[in-house]
Amino acid sequence: MPDNGQHFVAVVGGAISGSVAAEILADRGIRVAVIEQNKRPYGKIEDGLPLWHVEQRKQEYARIDARLKKPGVYFVPSTKLGRDLEFGDFCNNWGFSAVILANGAWRDRDLGVAGAQEFVDKGLVYQNPFIYWYNHKNEKDYTGPRYETPDETIVVGGGLASIDVVKVLQIENYDRALKARGISTSMHELEKGIPAACKAHGVDPQSLGVKGCLLIYRRREQDMPLAQPPDGATPEQVAKTEMVRLKMLRLARDRYLFRVQDRRLTTGLVVENGRVVGLKVAETKIEGRKAEPIPGSEHELRAPLVISSIGSVPEILPGVAMKGEYYTFTDEDLPRYSGANRVFGVGNVVTGQGNIRVSLVHSQKVTKRLVEEYLRTGDSDAAGAASVASTEARAADQARALDQVVESLPALSQEQVAAIEKRIRARQEQVGYTSDYDSWIAKVTPPDLE
Ligand SMILES: Cc1cc2nc3c(=O)[nH]c(=O)nc-3n(C[C@H](O)[C@H](O)[C@H](O)COP(=O)(O)OP(=O)(O)OC[C@H]3O[C@@H](n4cnc5c(N)ncnc54)[C@H](O)[C@@H]3O)c2cc1C
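For what it's worth, our numbering labels the leading residue of the sequence shown as 296, then goes sequentially.
Structure follows, in structure tokens:
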């Protein structure tokens, strides 16, 4: 890389949004350390998208690899901010010009029922560990929790990820039922559609006796966030989106044979012998975005397992202030953590949900703005002047906040850069990353990873 890297930026998280940020920085000659909690950097691509997305996963792995191999990127695996590195120390004392949080949303949103936490893995399971297990369960060295996939499981959800959870359960159930008849099939065959797979083996799916899992959603089917209307949508566009949602749900049900009950709000757990054996639910009345329980409609739904899939939010990082479920980011265009001058956010950690493209575009937009306005490399005075000039052009109410940012993103001396590099190298050695990116990935990839 050209030796004009007078800034050194840390990116926390190496997946879609983190690798995109790293690439943009590296392409502009800025040194960047990518701190990743796992050995492999692929985040939700590896541990969120279910296994059957074979080609998409491969493509995204290759894209992430290409970004993290850029000259000027220092990959630091097996290093978790908040566990191995203390947030305040890392942001204030390591000497980075800026820290970009790209650590995604890995905490399942709470089911919202008193005492639910006590029953995790006792009849109640959350989506993130469930999908992690599904994606890794066949690896010889997998040591994490193992989950059952009983027929008639209840999934609480409504979004795209909850449809994936339902698919996993149905695929597992029909796989088992077919095996019991001596018929061998595969996840890939069943994922293309259960009725079609059964037909190919001369079996009527109904004859297998699978009752199917039940997806419950608190609003109406047409409100499920399976598709989104454009910003500022007209009533016609909203109606069209509702039709798309209904169609998507119908197609998914036709293919995977699960059941749905809409307008059902979880109000409590049914517990027997220290284990969740069902949910208390109330029917709801929908008014706009509100789903109000209808008095007197409460009833029990019994199930061998309940999976909560109602969204993911950022993990709590010790030392990081929260506003509700999120870190306190200010300014939508350049999300800056309010508790520190030089800490920014990109991807799922800011947007909470979304998809690969949303994370990618968000990271591109934010990182480019950060670079162009505040991390100009080359002559540090010119960089400072450019930054100040652009700050002056902003609206008065933003100027004060941005001034603080400009002041706090100084170009670094060679000695400062060398000191950061030394700390990074020490950490890399500590975790066994002593060669290059490709050798590391080859070393830590399980031979039987699917
Ligand atoms: C079940 C499911 C199915 C999905 N299916 C699709 C789909 O079909 N198509 C689609 O486009 N999108 C899909 N998505 C969404 C998509 O995968 C994500 O929106 C996107 O990959 C998020 O990228 P990200 O970089 O913002 O976050 P992440 O992928 O979450 O990356 C965050 C990274 O930060 C690391 N990290 C976290 N905390 C720390 C820490 N404290 N210190 C260091 N590192 C840390 C993580 O290990 C991870 O590598 C799906 C998601 C789920 C859950």
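Glycine included, C-beta positions come from ideal geometry on N, C-alpha and C.
Query raised in the report: In the DSSP assignment, what residue or residues form a beta bridge with V307?
Result: Answer by DSSP bridge pairing, in chain order: I330 and L396.
Query raised in the report: Between the region 627–635 and the region 400–410, are three or more C-beta pairs nearer than 8 Å?
Result: Result no; under three Cβ-Cβ pairs closer than 8 Å.
**Report entry** Presumed contact (8 Å Cβ cut-off) between T448 and P599, rounded CB distance
**Finding:** Between T448 and P599 the beta-carbon gap is near 6 Å, inside 8 Å, which marks them as a contact.
Report task. Please classify I395: is it buried, with 16 or more other beta-carbons within 10 angstroms of its beta-carbon, or exposed? Result -> Buried: at least 16 other Cβ atoms inside 10 Å.
**Report entry** Strand pairing of I449, partner residues [DSSP]
**Finding:** Per DSSP, L509 and V601.
Report task. Would you kindly report the start and end of the unbroken alpha helix (DSSP H) that includes F382? Result -> Its alpha helix (DSSP H) spans residues F382 to N388.
Query raised in the report: Per DSSP, G649 forms a beta bridge with which residues?
Result: According to DSSP, G649 bridges with nothing at all.
Report task. Look at the alpha carbon of P258 and the alpha carbon of A577, and state the distance between them as a whole number of angstroms. Result -> Outside the modelled stretch of the chain, which goes from 296 to 745, sits residue 258, for which no answer is possible.
Query raised in the report: Quick one: complete alpha helix (DSSP H) runs, 4+ long, within the region 482–507?
Result: Within the region 482–507, the complete alpha helix (DSSP H) runs of at least 4 residues are 482–486 and 489–495.
Query raised in the report: ligand 1 heavy atoms versus the CB of W401: any closer than 7 Å?
Result: Yes.
Query raised in the report: Which one or two residues does DSSP pair with G563 in a beta bridge?
Result: Secondary-structure assignment with DSSP links G563 through a beta bridge to K575.
Report task. Please state whether DSSP places A677 in a helix, a strand or coil. Result -> Unreliable placement is indicated for A677, whose pLDDT of 38 sits below 50; the coordinate value is still reported in the next sentence. Per DSSP, reduced to three states, the secondary structure at A677 is helical.
Query raised in the report: From what residue to what residue does the beta strand (DSSP E) around A586 run?
Result: It spans K585 to P588 - the beta strand (DSSP E) in which A586 sits, taken as one unbroken run.
Query raised in the report: How would you label P742, buried or exposed, when you count the other beta carbons within 10 angstroms and need 16 or more for buried?
Result: Counting Cβ neighbours within 10 Å, P742 comes out exposed, since fewer than 16 surround it.
Requested in this report: Pick out whichever of I511, K487 and S392 has its Cα sitting closest to the Cα of Q556.
Outcome: The residue among I511, K487 and S392 with its C-alpha nearest the C-alpha of Q556 is I511.
Query raised in the report: Mind checking G418: buried by the 16 CB within 10 Å criterion, or exposed?
Result: Answer is buried; the Cβ neighbour count reaches 16.
**Report entry** Proximity below 8 Å, CB of Q465 to CB of C508
**Finding:** In this structure, Q465 sits near C508, with a CB-CB distance shorter than 8 Å.
Query - I458 and D342 closer than 8 Å at C-beta - result: No, the pair does not count as a contact, with Cβ atoms beyond the cut-off.
Query raised in the report: Is D384 near ligand 1, in the sense that its beta carbon is under 7 Å from a heavy atom of that ligand?
Result: Not under cutoff, so the answer is no.
Query raised in the report: Just how far apart, CA to CA, sit T579 and Q532?
Result: T579 and Q532 have their alpha carbons spaced roughly 25 Å apart.
Query raised in the report: Based on Cα-Cα distance, which residue from R362, I719 and A305 lies nearest to E318?
Result: Check the Cα spacing between E318 and each of R362, I719 and A305: the tightest is with R362.
Query raised in the report: What is the DSSP secondary structure of I581, reduced to helix, strand or coil?
Result: DSSP places I581 in strand when its eight states are reduced to three.
Report task. Determine the burial state of M519: buried for a count of at least 16 other Cβ atoms within 10 Å of its Cβ, exposed for fewer. Result -> By the neighbour-count rule (16 or more Cβ atoms within 10 Å), M519 is buried.
Query raised in the report: In angstroms, rounded to a whole number, what distance separates the CA positions of G452 and G606?
Result: Cα-Cα distance, rounded: 8 Å.
Requested in this report: Please classify T444: does DSSP put it in a helix, a strand, or coil?
Outcome: Coil.
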